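A short worksheet on the structure shown next.
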Amino acid sequence: MLALMKLKKGKGFVELREVEEPKIKDDEVLIQVMAAGICGTDIHIYHDEHSYWPPLILGHEFSGKITQVGEAVEGWKKGDRVVAEPHTQTCGVCQYCRSGRLQFCPQKRGVGWGQDGAFASFVKIPAHLLHRIPDNVSFEEAALAEPMAIAVTGVLERTRVEPEDLVVVLGPGPVGLLSAIIAKAEGAAKVIVSGTAMDVPLRLKAARKLGIDYIVNVDEEDLSEKVRSLTGGWGADLVVEASGSEKAINQALEIVKRDGRVSVIGIVGKKNINMEWDKAVFKAIKVIFSFSSSPTSWERGLSLMATGKVKISPLISHEFPLTEWKKAFGLCEEKKTVKALLIPS
Ligand SMILES: [Zn+2]
Ligand SMILES: [Zn+2]
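At position 252 of the sequence shown (counting the first as 1) the number is 252 in UniProt numbering, and the numbers step up by one without a gap.
Structure representation (structure tokens):
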């Protein structure tokens with residue numbers, strides 16, 4: 001089969017290669033990949049800026065159907081439509097594994113960076129990581145189950161959305177936009193998504209299509225003023241930081257109300273940033289950091305898709321065959337995509 005591989009450590013070294021189809025173990029299933037999303041992580045691995053164990057096949061956001069079932073697997077059969085948590089090679093015995101928080105296991109070597117991933121016709125996955133795709137959700141939509149789970153983990157599980165909240169999402173990437181629509185679906189009164197001028201043609205346009213209440217281009221409009229005017233001067237109940245920008249992080253402290261909540265999902269990509277620490281103290285802000293996805297967030301995310309409360313299709317901006325991966329990676333890097341999918345099969 002054709003597979004997009006990172007061949008060795010260093011910048012670049014990503015190539016299409018003809019490789020053997022994976023051979024499954026007793027507790028695994030083989031999945032024919034129907035759609036696979038390109039994520040910032042894939043771009044970071046391309047540039048040697050993320051941990052990975054080459055040579056391996058990239059790709060951790062995917063949907064597909066089961067084509068082969070291991071001897072010891074129960075409850076799954078050939079033809080089942082599935083997505084899978086990427087939490088492979090967890091130890092099973094540490095405090096995180098034993099309490100169902102697989103994403104934090106120090107032994108974890110996830111699909112697409114720690115072992116072969118989904119930018120190929122087939123991927124093998126341990127059956128305990130599978131989730132069923134609801135009948136009314138397409139393979140393309142289901143390929144966003146992983147970023148969806150990340151948004152659910154950060155915004156609904158680790159932080160909270162309260163009824164009638166005013167929620168501001170900073171950064172209109174896929175996880176930011178998903179955070180905004182799930183906040184709305186879970187009862188927020190008003191949701192604002194903010195981005196910069198470069199986000200206007202695609203990502204802020206997608207926010208509009210998703211029915212987000214207010215869309216702010218911070219290069220042209222004063223976000224703080226907007227929040228003040230919508231809250232009688234009090235500030236936002238919840239700010240979701242999904243941009244990883246230092247400027248936006250300081251803006252989060254500015255626009256959140258006293259005793260308000262900040263949910264941090266964005267990665268800044270550098271060791272230190274300047275932030276107004278005392279402002280956060282004096283406002284008694286509850287800052288909650290989040291990383292990766294909990295097993296429970298997958299079912300909740302898929303359920304939000306199935307009920308139609310969260311529409312995914314406006315987020316899918318591009319689809320490419322595997323052979324056009326270079327073009328696809330280039331567009332992602334230039335932020336000229338919302339979510340680009342590779343279709344390997
Ligand atoms: Zn991802
Ligand atoms: Zn563990």
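Beta carbons: idealized from backbone N, C-alpha and C, even for Gly. In this text, all values refer to a predicted model and were calculated from it rather than measured experimentally.
For residue 289, the beta-bridge partners assigned by DSSP are 264. Exclusion of residue 100 from the 7 angstroms shell around ligand 2 follows from its C-beta lying no nearer than that to any non-hydrogen atom of the ligand.
Between residue 224 and the set 211, 248, 212 and 203, the nearest pair of CA atoms involves 248.
For residue 337, the shortest C-beta to heavy atom distance toward ligand 2 is 7 angstroms or greater. Inter-residue distance for residue 94 and residue 129 is about 17 angstroms (C-alpha atoms, whole angstroms). Look at the region 163 to 240 and you find these whole runs of alpha helix (DSSP H), each 4 residues long or longer: 174 to 185, 205 to 209 and 223 to 230.
Burial of residue 116 is indicated by the presence of at least 16 other C-beta atoms within 10 angstroms of its C-beta.
Look at the region 70 to 114 and you find these whole runs of beta strand (DSSP E), each 3 residues long or longer: 81 to 84.
For ligand 2, residues qualifying as neighbours are 90, 91, 94, 97 and 105, where qualification means a beta carbon closer than 5 angstroms to at least one of its heavy atoms (chain order). Distance between residue 49 and residue 41, taken at the CA atoms: about 9 angstroms. Look at residue 332: its beta carbon is at least 7 angstroms from all of the heavy atoms in ligand 1. In the three-state DSSP reduction, residue 154 falls in the helix class (H, G or I). In chain order, 302, 305 and 306 place their CB closer than 7 angstroms to the CB of residue 134, counting only its own chain and leaving out the 5 sequence neighbours on each side.
Judged by DSSP in its simplified three-state form, residue 17 adopts strand. Annotation for residue 41 indicates a beta carbon within 7 angstroms of some heavy atom of ligand 1.
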